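K.L.:
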């Protein structure tokens with residue numbers, strides 16, 4: 001549970017950063033960006049975690065946690081509704097349909113890419129994270 005919470009906090013902060021960095025407008029670029037990149041990354045992660053020896057902590061931390069916090073279905077739904085309520089039903093339907101279609105395609109592409117990579121590469125990332133995370137986190141003072 002702690003892994004999911006920590007990963008979710010990190011993913012949510014990243015999503016907030018993307019929303020702050022991307023311009024607003026008729027098309028919800030920030031949500032589009034995080035949801036589609038999240039679909040691709042989840043496909044890659046799913047393939048990597050299928051391999052023997054994948055660490056058990058990687059799925060809750062990276063999948064449910066980081067990518068669960070990074071992506072957002074609720075904001076996507078609100079944005080579709082807002083586009084429709086603003087008198088832009090074609091744009092709302094286009095955004096809804098394009099998000100769904102592109103998300104499924106990118107998740108499948110990520111999975112296919114991950115399964116096609118050499119065996120050592122997908123296993124290297126989850127094994128490197130436990131060594132990298134302690135260095136990235138602030139140290140406690142005694």
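Residue numbers (the UniProt record's numbering): 1 to 142.
Quick reminder that beta carbons are idealized off the backbone N, C-alpha and C, glycines included.
The structure presented is a predicted model; accordingly, all values stated were derived computationally and were not measured.
Using only CA atoms, which one of 59, 26 and 105 lies nearest to residue 95?
P.N.:
Taking only the C-alpha atoms, the option nearest residue 95 is 26.
K.L.:
Note down the Cα distance separating residue 76 from residue 47, rounded to an integer number of angstroms.
P.N.:
Spanning the two alpha carbons is a distance of roughly 26 angstroms.
K.L.:
Among 38, 79 and 22, which one has its Cα closest to the Cα of residue 64?
P.N.:
Per the Cα distances, 38.
K.L.:
Closest to residue 69 by CA distance: which of 24, 31, 100 and 106 is it?
P.N.:
With distances taken between Cα atoms, residue 69 lies closest to 31.
K.L.:
Look up residue 59 in the DSSP assignment and say whether it is helix, strand or coil.
P.N.:
Note: residue 59 maps to helix in three-state DSSP.
K.L.:
Thinking just about the alpha-carbon of each residue, which of 110, 72 and 116 is nearest to the one in residue 99?
P.N.:
That would be 72, whose Cα lies nearest to the Cα of residue 99.
K.L.:
If you count every other CB in all the chains shown that lies within 10 Å of the CB of residue 79, and 16 or more means buried, which is it?
P.N.:
Looking at its Cβ environment, which holds 16 or more other Cβ atoms inside 10 Å, residue 79 is buried.
K.L.:
Taking three-plus beta-carbon pairs below 8 angstroms as touching, is the stretch 40 to 57 in contact with the stretch 103 to 120?
P.N.:
Segments in contact, yes.
K.L.:
Sorted by chain position, which residues of the same chain lie with C-beta nearer than 7 angstroms to residue 92's C-beta, five sequence neighbours on each side aside?
P.N.:
Contacts found: 80, 83 and 84.
K.L.:
Give the DSSP-derived three-state secondary structure of residue 18 in the structure shown.
P.N.:
Helix.
K.L.:
In three-state DSSP terms, what is residue 116?
P.N.:
Correct three-state label for residue 116: helix.
K.L.:
At the level of alpha carbons, what is the spacing between residue 107 and residue 7?
P.N.:
Approximately 20 angstroms between the Cα atoms of the pair.
K.L.:
Which of the three DSSP states is assigned to residue 82 in this structure?
P.N.:
In the structure shown, residue 82 sits in a helix (DSSP, three-state: H, G or I).
K.L.:
Residue 10 by DSSP, collapsed to three states: which one?
P.N.:
It is helical.
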